[in-house]
Amino acid sequence: MGAFVFTLREAPPERVDLSALVPERLAALTAGEVERLVIGGGRRRPIHVGDLFGVAPGPDESVVIEGGHERLDRIGAGLGGGLIRVEGDVGQRLGEGMLAGTIRVFGHAGPLAGAGMAGGTLRIAGNAGDRVGGALDGRISGMRGGLIAIGGAAGDRVGDRMRRGTIVARTAGAFAGARMIAGTIVAGSVGRQPGFLMRRGSLVVGAVEGGPLPTFLDCGALELSFLGLLGRSLANLDLPWQPHVPPIVRRFQGDQGSVGKGELLVAL
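Structure, rendered in structure tokens:
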């Protein structure tokens, strides 16, 4: 596995694609070869890794990016194993389509973090943009497995078209779990219209801005045994806040405008 430390020397002049900087793709390359990888700029004026980053061998089988910027896109896209650690902010599509391994970001992330991911763990210490774990434009489904843990706030449409997996965030914006097919989302609070057109899956939240949609049926207060298991599984996520999964919730079933087999579980 390729182990390198990339130190950002200057702000990128445009958005750059860092999807090549994953351990399995770097394993057979020397530091000089890595510096010559093209990450943006087009044919006439390509931007190489070495134009923006200092490259040095890493101490273990991991990729470390020291220094962040909102123009650093697609970090860890398609990751098949190993560890990527980013000391700073990142751009769009962090961990897009990742299959296994771990990505840790000690900063904020842009939109579409974990879009279409199928496995592995994605940890974001700060905030994340819209459509975390969602579907890329033109794709039928979003996240298909794995775990996304967000230390701060997530934007709108968390888990859009999500099919499987777990997303945890301190708070989430409007339309959390929209068009959700399956999976679990846990948040301290969510914005307007959570579960819009969701088919199946579970939204476990502390509060809902404006209350549930009228197309969700109120099933009353319930004590659900799986919530205890969920709470214990999330207890060791090393987040700056402790995910609270209440033992007793008010259950709303919907969205009746769709298949209607999803559930919105609101803490009492």
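Residue numbers for the sequence shown follow the numbering used here, so the first one is 46 and each next one is one higher.
Don't be surprised by glycine CBs; every beta carbon is placed ideally from N, CA and C.
Residue i classed as buried or exposed, judged by whether at least 16 other C-beta atoms fall within 10 angstroms
i: residue 166; result: buried
i: residue 168; result: buried
i: residue 184; result: exposed
i: residue 235; result: buried
i: residue 256; result: exposed
i: residue 104; result: exposed
i: residue 273; result: exposed
i: residue 271; result: exposed
Check: residue i C-beta below 7 Å from any heavy atom of the ligand GDP
i: residue 47; result: The ligand GDP is absent from the structure shown, which contains no ligands of any kind.
Proximity below 8 Å, CB of residue i to CB of residue j
i: residue 135; j: residue 51; result: no
i: residue 201; j: residue 261; result: no
i: residue 231; j: residue 199; result: no
i: residue 228; j: residue 204; result: yes
i: residue 116; j: residue 60; result: yes
i: residue 142; j: residue 173; result: no
i: residue 294; j: residue 267; result: yes
i: residue 99; j: residue 54; result: yes
i: residue 111; j: residue 68; result: no
i: residue 307; j: residue 224; result: no
Closest residue to residue i among the options (Cα-Cα distance)
i: residue 159; options: 260, 209 and 114; result: 209
i: residue 78; options: 286, 253 and 94; result: 94
i: residue 157; options: 179, 163, 112 and 142; result: 179
i: residue 282; options: 99, 211 and 112; result: 211
i: residue 218; options: 250, 246 and 189; result: 250
i: residue 91; options: 80, 238, 221 and 174; result: 80
i: residue 194; options: 278, 71 and 68; result: 278
i: residue 309; options: 57, 269, 240 and 289; result: 240
i: residue 153; options: 104, 55 and 214; result: 214
Own chain partners of residue i with C-beta closer than 7 Å, once the 5 adjacent residues on each side are dropped
i: residue 302; result: 242 and 260
i: residue 187; result: 160, 161, 178, 179, 180, 204, 205, 206, 207 and 208
i: residue 146; result: 124, 125, 126, 127, 128 and 165
Beta-carbon contacts of residue i that lie in its chain and below 6 Å, excluding the five residues immediately before and after
i: residue 170; result: 151 and 196
i: residue 120; result: 63, 135 and 139
i: residue 291; result: 312
i: residue 137; result: 118, 155, 156 and 157
i: residue 254; result: 236 and 237
i: residue 86; result: 92
i: residue 163; result: 144, 189 and 190
i: residue 101; result: 50
i: residue 269; result: none
i: residue 220; result: 201, 202, 238 and 241
Residue i: first and last residue of the uninterrupted alpha helix (DSSP H) it sits in
i: residue 76; result: 76 to 80
i: residue 96; result: 94 to 97
i: residue 297; result: No alpha helix (DSSP H) holds residue 297; the beta strand (DSSP E) holding it covers 293 to 299.
i: residue 69; result: 68 to 71
i: residue 270; result: 270 to 279
Range of the contiguous beta strand (DSSP E) that encloses residue i
i: residue 49; result: 49 to 53
i: residue 167; result: 166 to 169
i: residue 248; result: 247 to 250
Cβ-based neighbour list, residue i, same chain, cut-off 8 Å, excluding 5 preceding and 5 following
i: residue 97; result: 53, 54, 55, 57, 61 and 84
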